[in-house]
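**Student:** Residue numbers (our numbering), protein chains in the order written: chain A, 87 to 805; chain B, 1068 to 1280.
Idealized CB from N, CA, C, for every residue including glycine.
Here the structure is a predicted model, which means the values were calculated and not measured.
1. Note down the Cα distance separating residue 1147/B from residue 181/A, rounded to an integer number of angstroms.
2. What residues in the segment 1170 to 1183 of chain B have a beta carbon less than 8 Å from any beta carbon of chain A?
3. Name, in chain order, the residues that DSSP records as bridge partners for residue 517/A.
4. For the beta strand (DSSP E) holding residue 343/A, just list the boundary residues, first then last.
5. So what's residue 681/A in DSSP terms, helix, strand or just coil?
6. Does the beta carbon of residue 1098/B sit closer than 7 Å to a beta carbon anywhere in chain A?
7. Out of 112/A, 146/A, 230/A and 397/A, state which residue places its alpha-carbon closest to the alpha-carbon of residue 1163/B.
8. Just to confirm, is the Cβ distance from residue 133/A to residue 165/A under 7 Å?
9. Given a threshold of 16 other Cβ atoms within 10 Å of its Cβ, counted over all protein chains shown, does residue 637/A qualify as buried or as exposed?
10. Along the chain, where does the beta strand (DSSP E) that runs through residue 620/A open and close?
11. Using the Cα positions of residue 1180/B and residue 1233/B, report the straight-line distance between them to the nearest angstrom.
12. Taking CB distances under 7 Å as the criterion, tell me whether residue 1229/B reaches chain A.
13. So within the segment 344 to 391 of chain A, which uninterrupted alpha helix (DSSP H) runs reach at least 4 residues, ignoring any that extend past its ends?
14. Cβ closer than 8 Å: which chain A residues qualify as neighbours of residue 1249/B?
15. In terms of residues, what are the limits of the beta strand (DSSP E) holding residue 408/A?
16. When you compare only the Cα positions, how much space is there between residue 681/A and residue 767/A?
17. List the DSSP bridge partners of residue 660/A.
18. Rounded to whole angstroms, what's the CA-CA distance from residue 1170/B to residue 711/A? Just pull it up for me.
19. Quick check on the DSSP output: the beta strand (DSSP E) that includes residue 626/A runs from which residue to which?
20. Terminal residues of the continuous alpha helix (DSSP H) containing residue 809/A?
21. If residue 284/A sits next to residue 119/A, beta carbons under 8 Å apart, how far is it from one beta carbon to the other, in whole angstroms?
22. What residues from chain B crowd round residue 117/A, counting only those whose CB sits closer than 7 Å?
23. Tell me, to the nearest whole angstrom, how far the beta carbon of residue 192/A is from that of residue 129/A; I am working on the premise that it is less than 8 Å.
24. By DSSP, does residue 1244/B sit in helix, in strand, or in coil?
25. Quick one: is residue 1107/B near chain A, going by C-beta distance under 7 Å?
26. Whose CA, out of 580/A, 675/A, 279/A and 691/A, lies closest to the CA of residue 754/A?
27. So which of 276/A, 467/A, 358/A and 282/A has the shortest CA-CA distance to residue 268/A?
28. Does the segment 775 to 788 of chain A come close enough to the segment 650 to 666 of chain A to have 3 or more Cβ pairs within less than 8 Å?
29. In whole angstroms, what separates the C-alpha of residue 229/A from that of residue 1184/B?
30. Can you give me the C-alpha to C-alpha distance between residue 441/A and residue 473/A, rounded to a whole angstrom?
31. Shortest alpha-carbon distance to residue 90/A belongs to which of 208/A, 464/A, 706/A and 546/A?
32. Measuring straight from C-alpha to C-alpha, what distance separates residue 650/A and residue 346/A?
33. So which residues of chain A does residue 1264/B contact, with C-beta pairs closer than 7 Å?
34. At least one CB of chain A closer than 7 Å to the CB of residue 1272/B: is that the case?
35. Here's the rule I'm using: 16 or more other beta-carbon atoms within 10 Å means buried, otherwise exposed. How should residue 1276/B be labelled?
36. Going by C-alpha distance, which of 127/A, 121/A and 222/A is nearest residue 414/A?
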C-alpha cells in the first residue's frame, strides 16, 4: 500500500528547530571552505583584468619557481579570447595562500585589448564592437496570441478604452553567495577523488569531475555537509573546481580553491537585466484587452535573459518580441525564481500605471484579470483578501500622488506572483533501522540552507513515533542513492515522497520481522511516543523493539509515488513605504507576504524561507545593481560595500502569512524557495510610485532613480 | 580628527595602531575614509613608526603565538597574513568565515581583548599578546547566544551566522537589555544573504533574556 501523509500529524506542519542549527550557530559546522586535509595546498585563480582581450602569450616560468609553489595550470591557450573581466586564465597551488597569490601575480600575460561592450546600450549601438559572432542582439521570433475575430494587435488595441505606454528596467544583479564558489579536491591514488564542494548538486558535481578526468563516477565522492549559499549559481564543479582537482593531481596533494570576492561577482553568476517597452490596454472597468511588449535583457556572454510575460494575468490579445543582448560580462546563471522577478516587475508596473490612468483600485483591477480557469485564481482571491487586511489597503492607501504636501510621502503597493516547483519523479531515499535503535536516512541531495536535512528527519520521526533529533539525516554525499539537486523549489517535493515511502517500508519490514517475538501479527503493531504498541497497547520502548531485529539492520529504499507532492503556487505581497522626495530615500515600513505551498513540513524553516525570500526581493527592489563602467569595462562595485545588500537597520516589519488550510494541505508537499522572492521588488516599485505620484521606471528604488523620476516628471510639468 | 573617531564601527584597533603594525601597503587596502585624508594620515603614521626606535620592521616568515579561546597556539605567518586567514588556514579555527575580505560584511567577526573586530582586516602579528575569542568558545547551553540562534532559526545556510552570533554576544556584553532598535544597530556591521534577519532579531532578544535568567 502506498504511504500517505498523516491526517493529524504530530510533527509535520509544526515548528521544529534545524538538526544542524547548533553546529552552525556555534561555529562547529564544517563547510567545504573550512576543509583542510593534511598537506592541503591553496589554489588561487588568475582571471582576466580586461573585459575583452586576446591572450598573445602566457609565461608561467617565473611563477613556477616562486617559493611554496607546487603546481601551475594554464586554462586558456595562447591566442584565446577572454570575453569578460573575470574570465579564467590560469591557476596556482602553493603551500600558503599568500604564496599562491604572489605566484599568480608573477604569471606574465601579454594581452591584446579588444574593444568591449559591457552595457546593453554599448552592445546595441550601431557601431558596437563584436561581443559574439552573429551579432550582439539575438532577437527571438515575435509571439502573438489573438482572440477569435481579432486580426491584428492594433485592432485589439482599438477596442481598448484606455492604453498606457511605458518602459521599465531592472539591472543585472549578482548572487553574492557568502561562501564563494569552490571546492577542496583530494586524490586518493591515481583514479579516485574526494571533493568537499560548495554545491547545490553533489551528484552533478561528481559527474563533472569524473568526466573531466575520465574515471568512473563511482570513484568520485563529492561531500557537501553544509554549504554557504547558492541561490541557483552552484550546480556544477565549474572551471575552478576542475582546475583545483587538476592542480591536486599535479602536486599530489589536496588543493583548496575558493574564488575571491571579486571573481565571485564577476564570474560566479548573475541574474540578467530586463527592460520592457510595454503597451497595455483595457476597458474602462479595468478588464485587460491587449498587451504589446518589446523586451530585452543581458545575461553577459551567454543567453538566458528570457522571462515570462505576460505574467499572472489573463490578457486576450498579446504580442511579445524578446531579444537577448550579449555584453562582455560573466555568464548569467539561474537565480532564485529565474525570470519571474523580472517579468513580475514589468507586468505589475504596467498594471498599476493603467489602473492609475483608469482611476480604478489596482487591487480590484488585478482581481478582475485573474485567469478564469486557472486553479490559482481561487488561491489568489483568498490571499489578496488576507494581505489587503494585514496591510490596511482599504483604510490607508490613497490614489497615486495624493499623499499630502510634506516632503515625506507614504505609499502602498502590491504584486502577485506564481511558481511551479513540482518534484522530480526519479529520486530515492534509503532508510536504515539498526538493532541499536538508531535510524538513518540517506540520499544524495544536499541542504543549501533550506532545512532539507531536517525535513527528512521530521518525516521519519513522524512515521516512527520518534523525535527528529533521534534520526540521522545523512545527505550531501554523491555516492548515496540519487537525490535532487537543490533548485527551482523542487528539493522538498522531490525528496519528501521517497523519504515517506522509505521509512514506511522500513517500518513495515521491521514489523514483519519482529512480530513473532513481540506476540502479535505485523498488522497489530504500531509506533507512538517512542514505544512499540501491540493492538494499541504499549509493549516496549523503541530501542527494545529494535533489539528484536537481532544482528541485522533493515534497509529499505523509497521511491517517488504520486499524490504526496504537487507543483504550482500563487502568492501576493503588499508593501508600505515612505519616500523623502527631497533626498529620494525610500524607507520600507512594512511588507506582508501571503503565500501558499501545499503541505508545509516544517513551519519554522518555511517562515524563514518566506521572510528570507522577501528580504532577497527587497534587496532587488531597493539596493542591488551591478555597476559596469562603459569606458574601462570594469565592474565598479565587485565588493560588499558598494554592491548594496540590506543590513539589520534596513529591515521593515515583515508579516509572513501561510495559507495553511485543509485544502492546501491536501495538495501535498510543494517547494517554497522561489515564490516568496518574486513579488517583493515589483510591490516596492509600485509603493514608491504610489507615494511620490510619479512612475519610477528604473529599478532599484535608489535615491538616484527616485530623484531622476521626479526630475523627469518635473521637466514635463507633471510634478 | 579625534582618536575615537578613527575607530571602526566594531570598536577594534584604531586606524593609527593598525598602520603601525600593518605598514602602509597593507593599510591602504582597508581604509574607507576620504582617500586623500587617509593617504596623508597613512604616510604620517608610517614616518612616525619608522622614527620610533622600538618599532620592529618585520618581513618574511615570522613565528608567532596567539591566545585563541584560552589556548596558546603557535604558527608561522607573514606580516601581511590576516588574523582571519591565520585562524582558518593554520590553526583550524574555522568558525569565523571569510566572505567579503574587506571589512564590509562581518562574517569574520572575532572578539579581541573584549572588542568585536573584523578579523579579515586585522593582521595576525598585531594580535600577539591579545586575548582572541571566537564563537567556538561560547556557551552552547540554554543561556548562550548560539542556543538562541538555534531555537529562533536565526540562520539558514549559516555562513554569516558565526559573525552574527559573535557580534550579538559582544553587543549583549555591553548592553544586556537591548531594544529591537538597539539590536538592529548592534548587528548593523553584519550582512546575511539568505535573509535570516527576522530570526536573528528574535534570537538576539531571546539571548538577552536568557543571559539574565
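**Tutor:** On the basis of the data shown:
1. 16 Å
2. 1171, 1172 and 1174
3. 527/A and 642/A
4. 341 to 344
5. strand
6. Low confidence applies here, because residue 1098/B scores a pLDDT of 42, under 50, leaving its location unreliable; read the following figure in that light. No, because no Cβ of chain A sits closer than 7 Å to the Cβ of residue 1098/B.
7. 112/A
8. no
9. exposed
10. 617 to 620
11. 13 Å
12. yes
13. 347 to 353
14. Within 8 Å Cβ-Cβ: nothing; residue 1249/B doesn't reach chain A, min ~11 Å.
15. 403 to 411
16. 16 Å
17. 500/A and 678/A
18. 20 Å
19. 623 to 627
20. In the structure as shown, chain A begins at 87 and stops at 805. Residue 809/A is therefore absent and cannot be evaluated.
21. 6 Å
22. 1226
23. That pair is no contact at about 16 Å.
24. coil
25. no
26. 580/A
27. 282/A
28. yes
29. 56 Å
30. 19 Å
31. 546/A
32. 42 Å
33. 701, 734 and 737
34. no
35. exposed
36. 222/A
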